[in-house]
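In the numbering used here, the protein residues as written are 3 to 421. Cβ atoms here follow ideal geometry from the backbone N, Cα and C, with glycine treated the same way. Okay, so here's the structure we're looking at.
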Amino acid sequence: LRGLAREIRYLRYAMIDIADGVPRLQVLIALCYASLCLANQASHIRAAARRLSEELQRQILPDGGHISRNPGALIELLTDLLPLRQTFAARNIAPPPALLNAIDRMMPMLRFFRHGDGSFALFNGMSGTPSDVLATLLAYDDTHGTPMANMPHTGFQRLDAGNTVVIMDAGPSPPPAVSQDAHAGCLSFELSAGTSRIVINCGMPSTGRDNWRSFARGTSAHSTLTYHDTSSCQFVEFSAMKRLLHGAPIVRGPTEVESYREAVANGVLLTTSHDGYVNRFGVIHRRVLMLAPDGTRLDGEDTIAVAPDTRNKGNEIDYALRFHLHPAVKASRLSDARGVMLVLPNRDVWTFEALDDKVELEDSVFLAGNDGPRRTSQIVIRQDSHHAPSIRWSFARSTSSPSATAARRSARHEPELPL
Numbered sequence: 003l004r005g006l007a008r009e010i011r012y013l014r015y016a017m018i019d020i021a022d023g024v025p026r027l028q029v030l031i032a033l034c035y036a037s038l039c040l041a042n043q044a045s046h047i048r049a050a051a052r053r054l055s056e057e058l059q060r061q062i063l064p065d066g067g068h069i070s071r072n073p074g075a076l077i078e079l080l081t082d083l084l085p086l087r088q089t090f091a092a093r094n095i096a097p098p099p100a101l102l103n104a105i106d107r108m109m110p111m112l113r114f115f116r117h118g119d120g121s122f123a124l125f126n127g128m129s130g131t132p133s134d135v136l137a138t139l140l141a142y143d144d145t146h147g148t149p150m151a152n153m154p155h156t157g158f159q160r161l162d163a164g165n166t167v168v169i170m171d172a173g174p175s176p177p178p179a180v181s182q183d184a185h186a187g188c189l190s191f192e193l194s195a196g197t198s199r200i201v202i203n204c205g206m207p208s209t210g211r212d213n214w215r216s217f218a219r220g221t222s223a224h225s226t227l228t229y230h231d232t233s234s235c236q237f238v239e240f241s242a243m244k245r246l247l248h249g250a251p252i253v254r255g256p257t258e259v260e261s262y263r264e265a266v267a268n269g270v271l272l273t274t275s276h277d278g279y280v281n282r283f284g285v286i287h288r289r290v291l292m293l294a295p296d297g298t299r300l301d302g303e304d305t306i307a308v309a310p311d312t313r314n315k316g317n318e319i320d321y322a323l324r325f326h327l328h329p330a331v332k333a334s335r336l337s338d339a340r341g342v343m344l345v346l347p348n349r350d351v352w353t354f355e356a357l358d359d360k361v362e363l364e365d366s367v368f369l370a371g372n373d374g375p376r377r378t379s380q381i382v383i384r385q386d387s388h389h390a391p392s393i394r395w396s397f398a399r400s401t402s403s404p405s406a407t408a409a410r411r412s413a414r415h416e417p418e419l420p421l
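Here's what the structure looks like:
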């Protein structure tokens, strides 16, 4: 007990040096537990609850997301906050209203980030989903409703139709103080159908992160557009600064990220853009997604546009569009090099098509597996923005045998994306 008391005193005096974000909240949660559970600490209950409330109001955004924009932060924090709520009740002390409100806002976000197989979408440092812990947390969710479609404060969008789910990063970079794990994945998305994930981001491994951190945080590790082979965010690169700042925070990234969704005749249309490449190259990336009402088709268009009042600062104007595939998906390029056939674990067949562009199938890596990094594939389209500033593409579920899919491709009607 004397040892615990020494640790508690140390935490109180060391708060000023604790890294912002989840670590700071975890320290405040620990101090709340100490004041509630240990002898001679009851006098600290009110102060500990007040400081925790202030930090929860600052770090948990109005839509329930964490200020770091890392979905995994929700799991880490709720694992501590839910028992803390019970501990207040066990001591017959009313929990702080800020604690109850934070939990109520965070619980729906658990369902927002979940794919059909129960895994979380891989954004901003998220690694493998601890399914047992997540199942325990969801048992405390009283809503059991359909996830909300738009998280405007955290900056994410979700499209649901049939058993198809699209989750998209449509928000700016988090504040530098909490961006040590943030990724340059603006406008990247993940696609799943039923219990099969199709398009993913590479994610972050749960162990050995230092070996993969630089790659995993780059834009090329996400299912989005990479301009001039650079990331949409710039990270601290000097070792001395990394040690001083407890990592490599983002020093420059997208600040103006626009997203607008509407219901149209062919489904739900999501129009987005970001300015992450404006300062260096003077261009804006625009992405339009449209999910069919029955969930059997996802159409998209990516465009490179010259930003207003700027000149294109790049000597080369090439860009690459990437779609990383889950390791369980078997991919084979079609003979005309304009599409890829995707066979899911349940034997469903999807087809990726970009009828105006050559499609490559290249190696990739899935970092967020529970058994470590695994080899997988990625669909890549490379273009010259001077001659082809936009790429139109689609993922569609095939309703017949794989052999008949390629034969009907040229005759199939392609729905137009509303402008």
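Problem set entry | Three-state secondary structure assigned by DSSP to arginine 299 | strand
Problem set entry | Simplified DSSP state of alanine 50, which is helix, strand or coil | helix
For this session: Would you check if there are 3 or more beta carbon pairs closer than 8 Å linking the segment 359 to 368 to the segment 334 to 342?
Result: yes
Exercise. If you draw a straight line from the alpha carbon of valine 290 to that of glutamate 56, how long is it in whole angstroms?
Worked result: 38 Å
Exercise. Where does glycine 66 sit, in a helix, a strand or coil, going by DSSP?
Worked result: coil
Exercise. Glycine 371 by DSSP, collapsed to three states: which one?
Worked result: coil
Exercise. When the Cα atoms are used, what is the spatial distance from valine 285 to tyrosine 35?
Worked result: 50 Å
Exercise. For asparagine 348, which option in Leu336, Lys332, Leu357 and Tyr12 has the closest C-alpha, if you only look at C-alpha atoms?
Worked result: Lys332
Exercise. Given that a residue counts as buried once 16 or more other Cβ atoms are within 10 Å of its Cβ, and exposed if not, what is isoleucine 18?
Worked result: exposed
For this session: Could you give the DSSP three-state label for glutamine 28: helix, strand or coil?
Result: helix
Exercise. Mind pulling the alpha helix (DSSP H) runs of 4 or more residues that sit fully within the segment 255 to 292?
Worked result: 280 to 283
For this session: For leucine 336, name the three-state secondary structure that DSSP assigns.
Result: coil
For this session: With DSSP collapsed to three states, give me the class of isoleucine 381.
Result: strand
For this session: Note down, in chain order, each residue of its chain lying with its Cβ closer than 6 Å to the Cβ of arginine 263, except the 5 sequence neighbours on either side.
Result: Leu272
Exercise. Thinking just about the alpha-carbon of each residue, which of Ser400, Leu193, Pro73 and Leu80 is nearest to the one in histidine 326?
Worked result: Leu193
For this session: Tell me whether the beta-carbon of glycine 205 lies closer than 9 Å to the beta-carbon of valine 167.
Result: no
Problem set entry | Environment of leucine 86 [buried if 16+ CB atoms lie within 10 Å] | buried
For this session: Could you tell me whether the segment 105 to 125 touches the segment 69 to 80, where touching means 3 or more Cβ pairs closer than 8 Å?
Result: yes
Problem set entry | N- and C-terminal bounds of the beta strand (DSSP E) containing methionine 343 | 341 to 345
Exercise. Three or more beta-carbon pairs under 8 Å between the segment 21 to 33 and the segment 179 to 196, yes or no?
Worked result: yes
For this session: State the DSSP-derived secondary structure class of phenylalanine 354, mapped to helix, strand or coil.
Result: strand
Problem set entry | methionine 108, enclosing alpha helix (DSSP H) - first and last residue | 99 to 114
Exercise. Hey, how far is the Cα of asparagine 152 from the Cα of leucine 161?
Worked result: 9 Å
Exercise. Could you check where the beta strand (DSSP E) with arginine 324 kicks off and where it finishes?
Worked result: 320 to 327
Exercise. Under a three-way DSSP split, which group does glutamine 159 fall into?
Worked result: strand
Exercise. Helix, strand or coil: which one does DSSP assign to glutamine 59?
Worked result: helix
Exercise. What is the C-beta distance between threonine 257 and histidine 328, in whole angstroms, given that I count them as a contact (C-beta under 8 Å)?
Worked result: Not quite, the Cβ-Cβ distance comes to about 31 Å (not below 8 Å), so this is no contact.
Problem set entry | Cα-Cα separation between threonine 226 and proline 97, rounded to whole angstroms | 43 Å
Exercise. Rounded to a whole number of angstroms, what is the C-alpha to C-alpha distance between lysine 82 and valine 351?
Worked result: In the sequence on display, residue 82 carries aspartate and not lysine. Straight-line Cα distance between these residues: approximately 42 Å.
Exercise. How big is the Cα-Cα spacing for isoleucine 252 and arginine 93?
Worked result: 42 Å
For this session: Please classify threonine 226: does DSSP put it in a helix, a strand, or coil?
Result: coil
Exercise. If methionine 128 sits next to alanine 370, beta carbons under 8 Å apart, how far is it from one beta carbon to the other, in whole angstroms?
Worked result: 7 Å
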